[in-house]
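The opening residue of the sequence shown carries number 0 in numbering that gives the first Met the number 0; numbering runs sequentially from there. Positions of the beta carbon are idealized from the N, C-alpha and C atoms, including for glycine. Working notes, structure below.
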Amino acid sequence: MKQVWILGAGVVGLTLAYWLSKAGLEVTVWEASQPGSGGSGAALGVMMAAASLKLKGSLAALRLQSLAMYEWLVPELEAVTGIPIFYNRSGILCLYRTQPKKLAELIATRQAQGYELVWLSQRELRSRYGEIEAEGGLYSPSDRMIDPRGLIAALVAALNQRGVSWRGELQDVDRSADWVVITAGIGSDRWLSKLGYRESLVGVQGQALELVLPGFNLPIPIHGEMAAGGDFNLVPVGKGKFWLGATLEFAADQGLLPLENLRASAELVCPGLVKAEVLASWSGVRARPQGRRSPILGFVPGHPGWLVATGHYRNGILMAPITAEISRDLILTGDSSYPWQDFSLEAGIA
């Protein structure tokens with residue numbers, strides 16, 4: 000039986016461990032902290048593939064394919080572990096101050112691929128969602144939101160059931176396993192450096208608030224534009240509670256502190272939120288490759304038995320299933336039918 004070590008227990012590493020254990024491999028997960036203690040656990044779980052303005056190419060294809068996998072993965076994990084996972088199937092509403100230039104092309108492209116996208120005017124938005132005030136929005140019924148914490152808990156429970164081993168932080172590159180997969184997010188830099196690669200993973204700060212406002216009727220996750228640039232997500236999580244977050248941290252010299260900027264942007268499109276109470280705030284770091292495409296995926300050249308699956312930036316949760324599928328294929332067969340080569344180390348700069 001092949002032995003596989005996975006370095007990092009974020010959602011990508013945990014999902015890969017689940018895929019490999021189902022394939023009959025002996026899996027050990029190495030993690031210095033608790034599973035999901037990095038960027039995965041701090042994320043809001045918004046998975047936007049169909050509504051993304053990235054129309055074509057290998058990244059768009061992988062995102063769409065990975066999104067579809069959650070439709071069977073969530074019920075499977077719930078059935079196996081008995082742990083409920085909050086999974087919002089109502090779609091995502093993308094709000095814009097002006098219609099994107101690519102809108103017509105996006106709708107036509109997705110329609111040809113079998114995905115529905117609907118542009119809603121200001122009046123239609125007001126009729127469907129009385130809490131929203133915006134010039135217009137793009138409704139994507141195929142996109143999803145998942146609670147990362149529930150997903151992590153279910154994956155850990157499933158791995159324990161399957162006999163996956165857990166270890167602390169690995170110190171050096173010497174190994175007894177047949178394969179080692181680097182899934183350590185921002186910590187992957189250290190391992191790539193040890194293997195002779197000067198890849199640079201930049202940590203991009205994400206910040207979030209948990210708000211509560213009983214009676215505020217917003218059943219669908221919202222993806223909106225920040226007033227000072229960038230974007231935010233507002234997602235309902237039940238019992239009158241909402242998560243509000245943005246991936247990019249804004250500088251204090253823009254006139255507002257980051258969390259104030261975040262809340263002000265959300266209140267522009269949902270004025271009723273001005274009455275919401277803040278229950279909690281948190282932050283996390285997403286690993287973004289510098290000077291190359293995201294993510295980094297595939298073999299480590301010159302080091303047989305080493306794979307890398309990291310640097311997903313804002314798409315770690317969305318792309319976890321397809322990343323696991325590709326990595327499993329590479330371990331078992333040496334290749335995958337999915338378009339992974341564009342993200343390999345060989346496609347970047349060594």
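Where does residue i land, buried or exposed, given buried means 16+ other C-beta within 10 angstroms?
i: G333; result: exposed
i: A103; result: exposed
i: V277; result: exposed
i: P83; result: exposed
i: L54; result: exposed
i: R189; result: exposed
i: E168; result: exposed
i: A111; result: exposed
i: G56; result: exposed
i: T182; result: buried
i: R62; result: buried
i: S141; result: buried
On the DSSP letters alone, give me the boundaries of the alpha helix (DSSP H) that residue i sits inside.
i: D328; result: G315 to T332
i: K21; result: V10 to K21
i: T108; result: L102 to Q112
i: Y69; result: S57 to T80
i: A41; result: G38 to A41
Kindly indicate which residue of the options has the alpha-carbon position closest to the one of residue i.
i: P350; options: I131, W71 and G135; result: Within the shown structure, residues of the chain are numbered from 0 to 349, placing residue 350 beyond reach of any answer.
i: E130; options: M144, L116, R161 and F215; result: F215
i: S326; options: W18, G38 and L94; result: W18
i: G37; options: E345, V26 and Y312; result: Y312
i: I219; options: K240, W339 and L200; result: K240
i: K238; options: E224, T309, L210 and I316; result: L210
i: L194; options: M318, S89, A22 and R174; result: R174
Can you give me the Cβ contacts of residue i inside the same chain, cut-off strictly under 6 angstroms, excluding the 5 residues immediately before and after it?
i: L272; result: A265 and E266
i: E30; result: A8
i: D252; result: Confidence is the limiting factor: at D252 the pLDDT is only 49, short of 50, which leaves the residue's position unreliable and the question unanswerable from this model.
i: A323; result: T14, L15 and W18
i: G310; result: L200, A286, P288, S293, P294 and I295
i: A250; result: Unreliable placement is indicated for A250, whose pLDDT of 48 sits below 50; the coordinate value is still reported in the next sentence. Answer for A250: no residue qualifies.
i: V172; result: K193
Counting along the chain, where does the beta strand (DSSP E) carrying residue i start and finish?
i: M144; result: R143 to I145
i: D230; result: D230 to G237
i: Y95; result: I91 to Y95
i: W339; result: No beta strand (DSSP E) holds W339; DSSP gives it neither H nor E.
i: Q2; result: Q2 to L6
i: K53; result: It is not in any beta strand (DSSP E) - K53 carries neither H nor E in the DSSP assignment.
i: Q204; result: L200 to V211
i: E168; result: From DSSP, E168 is part of no beta strand (DSSP E); its letter is neither H nor E.
Tell me which same chain residues have a C-beta within less than 8 angstroms of the C-beta of residue i, skipping the five on either side of it?
i: L258; result: Q206, L208 and S280
i: R125; result: I131 and E132
Below 7 angstroms CB to CB, which residues in the same chain sit around residue i once its five sequence neighbours on both sides are set aside?
i: F436; result: What is shown of the chain runs 0 to 349, which leaves residue 436 out entirely.
i: K274; result: L212
i: E345; result: P300
i: A60; result: P338
Checklist line | Touching by the beta-carbon criterion (3+ pairs, under 8 angstroms), the stretch 66-81 and the stretch 141-160 | finding: yes
Notebook entry, point to check: Given 8 angstroms as the limit, is there contact between the stretch 13-23 and the stretch 116-129, that is, 3 or more CB pairs closer than that?
Noted result: no
Next item on the list: Determine contact between the stretch 174-187 and the stretch 292-311, defined as no fewer than three beta-carbon pairs at a distance below 8 angstroms.
Entry: yes
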